[in-house]
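*Asks:*
Residue numbers (this note's numbering): 5 to 105.
1. Let me know the secondary structure DSSP gives residue 34 once reduced to three states.
2. Which residues in the same chain have their Cβ closer than 8 Å to the Cβ of residue 4, if we skip the five residues on either side of it in sequence?
3. Between residue 50 and residue 67, is the Cβ-Cβ spacing less than 9 Å?
4. What do you reckon, are the CB atoms on residue 14 and residue 52 nearer than 9 Å?
5. Please say whether residue 37 and residue 93 have beta carbons closer to each other than 9 Å?
6. Can you list, in chain order, the residues of its chain with a C-beta nearer than 8 Å to that of residue 71? Leave out the 5 residues immediately preceding and following it.
7. Among the residues of its own chain, which have a CB less than 6 Å from the CB of residue 32, if the five just before and after it don't count?
8. Is it buried or exposed for residue 73, if we count other Cβ within 10 angstroms and need 16 for buried?
9. Could you tell me how far apart the beta carbons of residue 91 and residue 16 are, in whole angstroms, since I believe they sit closer than 8 Å?
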């Protein structure tokens, strides 16, 4: 993966991030910066998996079971979304030692 991310990376949702479910889609808002971001149903599923502190590998495996998509396409789409969320300060990478499984 890129940008220092690996499949073992876990992400944390920083303080100040709120979300609202709007008919199966989520709107995320960073209260500290005013940045907001919309997620489609697949992005919403990814967000819920991240809230449970799954590694990116666990998220990828779950998505591959739930959706008809190739491993390569799913991995790329996941990485693209995570990169956007990181750049907007809506998630941050955490060390595996920071998370209790």
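The beta-carbon is built from N, C-alpha and C at its ideal position, and this holds for glycine as well. Keep in mind that this is a model prediction, so the values were computed, not measured.
*Replies:* In this structure, then:
1. The sequence position of residue 34 within the chain shown is 30, counting from 1. Reduced to three states, the DSSP call for residue 34 is strand.
2. Any property of residue 4 remains undetermined from this structure, which presents the chain solely from 5 to 105.
3. Translated into the one-based positions of the chain shown, residue 50 becomes position 46. Translated into the one-based positions of the chain shown, residue 67 becomes position 63. Cβ atoms of residue 50 and residue 67: closer than 9 Å.
4. Translated into the one-based positions of the chain shown, residue 14 becomes position 10. Translated into the one-based positions of the chain shown, residue 52 becomes position 48. Contact flag unset, no.
5. On the chain shown, residue 93 is found 89 positions in, with the first residue counted as 1. On the chain shown, residue 37 is found 33 positions in, with the first residue counted as 1. For residue 93 and residue 37, yes; Cβs fall inside 9 Å.
6. Position 67 of the chain shown, counting from 1, holds the residue named residue 71. Cβ within range, chain order: 46 and 78.
7. Looking up residue 32 in the chain shown gives position 28. Setting aside the 5 residues that flank it on each side, residue 32 is surrounded in the same chain by 23, 41 and 94, each with a C-beta closer than 6 Å to its C-beta; the list follows chain order.
8. Here residue 73 refers to the residue found at position 69 of the chain shown. Exposed: under 16 other Cβ atoms inside 10 Å.
9. Counting from 1 along the chain shown, the entry for residue 91 is found at position 87. Counting from 1 along the chain shown, the entry for residue 16 is found at position 12. Contact between residue 91 and residue 16 does not hold, since the beta-carbon distance rounds to 16 Å and is not under 8 Å.
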